[in-house]
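Before any comments, here is the structure.
Chains as they are written, first to last, in this note's numbering: chain A, 32 to 517; chain W, 7 to 108; chain X, 162 to 671; chain E, 125 to 678.
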């Protein structure tokens, strides 16, 4: 049952993506929707197993590792899969309108979209270093292609930069994989950790791998590719890139560090990673504050928010792990909502220059509301998922007397408030020549279609996460890293 | 000095050249080629570390390299397509300059 | 973290019962707010009906809760918000005091706002956030621990901001920015204090007399620091000097918002939080022993005098009222800080009294501005000839603010002053007297102008709204002015705010 | 029931008066009746305890308060009748203030708990403002302004004292305050209260509002202001700072000296005045000096109830007499012989001429002082000084007479209320003394004691005729004028000013504005600074660093 479920998760979107390329245009929508709707059925049986505290493990075609490929789903992977499912389904709702499958643009979008989903799924279920490399590469290539899909010069350049840096980072990773394999004779995530010594070679491999992943995860100062790539991509693509694709690299990094013995790199390295995270929080937030374009602002916000994840490395406690994992989920949902709302505003206003937002609330109230609600979570204000994450992270930092981390986390929320409210304030502002009093026939609220609905859905979800954190935390607790301090 | 060490040294050198080229080169084609050079270095390394086991050549290493080459080819093809497309759209073959537009 | 404090979870004297009411009462206005926002701008009649019925239902629910509480039952609802930390909604008698104030004033403010905003844009948005604002206030009232309090406290910050910037003018946006700078900055410190507290002592529910105990001298500085952090978080909203500067600039908001901000929601939430912090977390005994009460009393006293002096210097009516709020709200903190039964009663009862008085004044300021275009103090001359009822309501409230009998404000001042003397802190009397004089100095001239100066030939601005609109504006002001008198004159009767406050304090200081 | 009626009638009058039409007329018609309703509780002796009201109101007429009640009922009722026929202008607000003052006064009289008294006192103080500014002239605005400032200065002291009392005993039964057990540790409260109520009585140097405010009001309003409302201050002393609570009051001789100072200063300043009502106002100040002398004497011998009764008698006599004299101002007293008589008799009575009510009151006062001298607490010559006050008053009354004789407008009718009040002034104190057993039969010695100061006054008047009166002129309100000027320098609170402000030279006004402006600017600057993000950031940072330090040290 679990084997089929895993296969469904990976192959349903993959096959559907190929079918959409080959089949007539009319078939695109039904095929895509059908594939997407099967995904919950793939995820549910896995959830049942993992909820019992077990790990799903399947050797593909019966070959044992190291030659065979093993898929494994523990609680962390399952959490990320759930995040993927939710984000992907709602963003697909948006894409059904913004990229109608039967249209020219839809024909380009949907195959890539489905393949990207398949790649992400495959990545999260992979349990060996090389498989992770392959899937990571697939995710990157699909992502790059989707950024370039609109064909605008700026998007092309952003895609190009992302591609080059991404490929370089992959090669770093692959080089490290080779070194590790040479030393341990295995590629299995868990076995590598057991067999690794702390020799120079291992450390070099670790450093290479971490650096590569830092590039992919766009951690400051290696983030330069991200803002343009996320900022110039089409709305649904931005949403999924920020919500999922950058998390993928962090996911691998966390796996590597806490499951494959990366923590052997020592406290100094962990501290460095944490400091980079702190730098990301501060720099990303400040950069977001100074942006003049809405989507760039949101993209820089992602740079900042990813920094919180990095704090896990110096803190290295289960409390912090819980907090950071929760943060990845909460941020994923909220940031997807934010990007969708931003894309809708851009679509409606013709530009995402911030000055164009003046008075947007009167015509596009739903999107502004979605942006604001998502902003609440991004700022980490209660009641929202972001708050629960921030609370747990602060608590974890406090318990270890990491006053510096506490300060950075608090500062980060304050800075986030500056850029979020900057946007909302502009939307609330009175356009020049407008009047406080209602003009005849003025309508509030604005267009309410599936694109706005998708943004709002995710935003509300980001808020609700603040009230329903218990099940998610319970799930995360079923897959804590081995041997981690509480 | 074992032969393995020579290979490792060579791989590292080639990898370094690739990185240098990637960073310094302006033309996108050169950057792409640099990436390919880096990839080759990695394959050499994999061959080195997994090449010689007492039981003969390591099948895992072979598989890795094979898969790696496939991916490298696919990525190169994709990158080439993107470069061409970008040249058609913008007339540029480098990433210099600001990328801001409406 | 040596576990130097433990919670003194002694068996409560009253019976705590699992009950959905505290949640329902919070949800009523939330659902109403969402419905109003979703309905859109055009459905005016339905919106009005929704607004009013939600307000009435909420008031009824609060009264129901009050009856339960008076019968010795404490309805409670809890679930895990963050693992290990519960969201607790519980209606104890202190909750009821604040909740009934909010529910009652929400009703009158809704009536007023419907009339006031007759010609404003974006009313759906306004009333949506307005309702959410009250939701947050209700949550603050019902919060059973600091975490819950914090959650709704922040919700309040967020829901109020759109109201402050509602007109979207440059000044409004600037005011909104200032508001956020202060509140979010304060809440960051609050959160740190909260985390620290929980790290030190574990999750704590509000308990009459305080949940914390000092077992170890080592923890003294920590506990002081925690108190200061949280008190700053509360103090920003309660407009303790120097954290008050957002309040006067927030005056650009429409009058109903100012009324709500100053009387019920934001400022009062901060003051209520201080009450909870001192009485229910630290307990007045421990606060006193740690020297925190004295510090708070000094801060509050300084605020009282400083706010009044600045109020005296204002020439704009709403600004003057704003600084008056700065001064008056600190009476609450002062009462709590002095400690002892009398002063505590004074602080708590002022929570209600200041609410009804200040909301009356803001209602009237709004009426003056809307109907006559009067916003500055010099323009008030002879105003009572045109608007005698509003002027009367304003005057009653102003006299109450000065603390003259038989208005509500006198009762507060009486308990504060005599409580301070009873605790041997006679210097507080000087503060109260100074405040009385300053209040007289900035309110009496207004009254004199309105009633005794000749009216101008014609009024500068103002609309000619329908009779119903005028009634909708004036009736709420008269109602709250009536309450101002009633709460004073009938202070000694059963179920007056004073009676309720005394009952609360009996729980706290048996 | 009788108390409820006595309190509700003036309140009803106050509530109806502001309305136009029939309601307003009814409100006014209540005015002469409402004071008489005060006699009901006096007659029934009813006591009520309204614990639901405010913080608990206990009401009733204490025996010693009876003369005050009598005074209020008679003087206020007759003055109201007078006012109904004479007051014009903004009558709605006048009658509101009038009835509200009465309501407050009634509470002051009936109060038996702290809160009840304070409530009444505040109401009467504020409502009196409305009748003071009735004329709406520049002088009226100025008088109102000065009145309010001083009233609130007094209020500050009073509320401090009241709160201190409340802090110790809560909303205490006032009768208990007059028992020794309650005096412990309340010295500061006592002095605050004595000082605060002294404002109402016009004790020097807190008298400055009185010569401005009393004359500017309409005639009947002056009558109740000077005749009745000042007694609220005395009631404040006796109810809230009763001398009976201590063996003897430490500062009593000082108080007595202050009383004498007030008595003589009032006369001396009054003699320089050229307006009839102003002279009468200064006479009130002088008489209140005597009241203070009586209070001090009572403080020296608090066990003796006779001195308390003497104070009541003094108040009754002065209130009715002064009311009558003020009403005379509205009836052209110089225009007929009857009117001259109606003026002369109370004037003589005030100067304690033998057989007049003033003689009776003064005789009691002298006995009280004598008792103090006998107890060795006072210098013997104080007795002579008290006697001399009669001479001083007689001089002042001569001034009144001279000024009154200039008013010969025969067209102004002789209002019956004046005549009735004069009759009451001449008879009621005697009747009261008879009924309460405090008659003093005239004997040769006490008549002589009363007579020689009068003869002295006559001599002074004759001498003055011969040599000419010194041409000293003090402005109304004497020391308030320089005070106003200096206040202008400090940008005094902007109480409503008359449209033109004649008191200050332009340069000074500019300086004052500049000073006030710079204060406002610097505070506004501080505000702006606090609002800046950087400043907020710095503050937060500061706190953060502090916390950090604490952590590090702790």
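Even glycine gets a Cβ: it sits at the ideal position worked out from N, Cα and C.
Handout entry: 7 Å Cβ cut-off: residues of chain A touching residue 311 (chain X)
Key = 413
Problem - Where residue 315 (chain X) falls: helix, strand or coil (DSSP) - result: helix
Exercise for the section: Assuming residue 155 (chain E) and residue 261 (chain E) form a contact by the criterion Cβ under 8 Å, report the distance between their Cβ atoms to the nearest whole angstrom. Expected result: So it is not a contact: roughly 24 Å between Cβ atoms.
Handout entry: CB contact below 8 Å: residue 19 (chain W) versus chain A
Key = no
Problem - Closest Cα partner of residue 263 (chain A) within the set A:328, A:199, A:314, A:209 - result: A:328
Problem - Same chain, Cβ closer than 6 Å to residue 254 (chain A), five either side skipped, listed in chain order - result: 334
Problem - First and last residue of the uninterrupted beta strand (DSSP E) at residue 184 (chain E) - result: 181 to 184
Exercise for the section: Specify whether the stretch 295 to 314 of chain E and the stretch 252 to 271 of chain E touch according to this definition: at least 3 beta carbon pairs, one from each stretch, less than 8 Å apart. Expected result: no
Practice task
Taking all protein chains shown into account, decide if residue 135 (chain A) is buried (16 or more other Cβ within 10 angstroms of its Cβ) or exposed.
Solution key: exposed
Exercise for the section: Note down, in chain order, every chain X residue with its Cβ under 8 Å from the Cβ of residue 369 (chain A). Expected result: Near residue 369 (chain A) there are no residues of chain X at all, since even the closest Cβ is about 16 Å away, more than 8 Å.
Exercise for the section: Answer with yes or no whether the minimum CB distance from residue 55 (chain W) to chain A is below 8 Å. Expected result: yes
Practice task
Determine the chain A residues that contact residue 96 (chain W) at a beta-carbon separation under 8 Å, and present them in chain order.
Solution key: 184, 187, 188
Practice task
Just mark residue 521 (chain A) as buried or exposed, buried being the case when its beta carbon has 16 or more other beta carbons within 10 Å.
Solution key: In this structure chain A extends from 32 to 517, so residue 521 (chain A) is not present and cannot be described.
Exercise for the section: Go through the stretch 261 to 288 of chain X residue by residue and report every complete run of the beta strand (DSSP E) that reaches 3 residues or more, in order. Expected result: none
Handout entry: The alpha helix (DSSP H) enclosing residue 494 (chain E), as first and last residue numbers
Key = 481 to 498
Problem - Backbone secondary structure at residue 156 (chain X) - three-state DSSP - result: Lying before the first or after the last residue shown, residue 156 (chain X) is absent from chain X, which here runs from 162 to 671.
Problem - Nearest to residue 169 (chain E) (by Cα), restricted to the options E:578, E:470, E:227, E:128 - result: E:128
Problem - Boundaries of the alpha helix (DSSP H) in which residue 260 (chain A) is found, first to last residue - result: 256 to 263
Exercise for the section: Using beta-carbon positions only, say whether residue 522 (chain E) and residue 451 (chain E) come within less than 8 Å of one another. Expected result: no
Handout entry: residue 628 (chain X) classed as buried or exposed, judged by whether at least 16 other C-beta atoms fall within 10 angstroms
Key = exposed
Problem - Close Cβ partners of residue 638 (chain X) (< 7 Å) along its chain, the five nearest in sequence each way excluded - result: 521, 524, 525, 528, 551, 554
Exercise for the section: Decide if residue 11 (chain W) is buried, meaning its Cβ has at least 16 other Cβ atoms within 10 Å, or exposed. Expected result: exposed
Problem - At least three beta-carbon pairs within less than 8 Å, the stretch 360 to 369 of chain A to the stretch 480 to 495 of chain A - result: yes
Problem - Assigned secondary structure, residue 202 (chain A) (DSSP; H/G/I helix, E/B strand, else coil) - result: helix
Problem - Residue of X:606, X:233, X:271 minimising C-alpha distance to residue 254 (chain X) - result: X:233
Practice task
Could you say if the stretch 443 to 457 of chain E and the stretch 368 to 387 of chain E meet the contact criterion of at least three C-beta pairs nearer than 8 Å?
Solution key: no
Problem - The alpha helix (DSSP H) enclosing residue 508 (chain A), as first and last residue numbers - result: 500 to 508
Practice task
Leaving out five residues on either side along the sequence, give the residues of the same chain with a beta carbon under 6 Å from the beta carbon of residue 135 (chain E).
Solution key: 227
Exercise for the section: Could you check if residue 65 (chain W) is buried or exposed, using at least 16 other CB atoms within 10 Å of its CB as the buried criterion? Expected result: exposed
Exercise for the section: Quick one: grab the DSSP three-state call for residue 34 (chain A). Expected result: helix
Exercise for the section: Can you tell me which of A:343, A:331, A:456 puts its alpha carbon nearest to the alpha carbon of residue 511 (chain A)? Expected result: A:343
Exercise for the section: Measure the CB-CB distance between residue 500 (chain A) and residue 419 (chain A) and report whether it falls below 8 Å. Expected result: yes
Exercise for the section: State the Cα-Cα distance for the pair residue 112 (chain E) and residue 597 (chain X), rounded to the nearest angstrom. Expected result: The requested residue 112 (chain E) does not occur in the structure, where chain E is confined to residues 125 to 678.
Practice task
Measuring only between beta-carbons, confirm whether residue 648 (chain X) sits less than 8 Å from chain E.
Solution key: no
Handout entry: Secondary structure of residue 62 (chain W), DSSP reduced to three states
Key = strand
Problem - Contact list for the stretch 164 to 191 of chain E against chain X, Cβ threshold 7 Å - result: 175, 176, 177, 178, 179, 180
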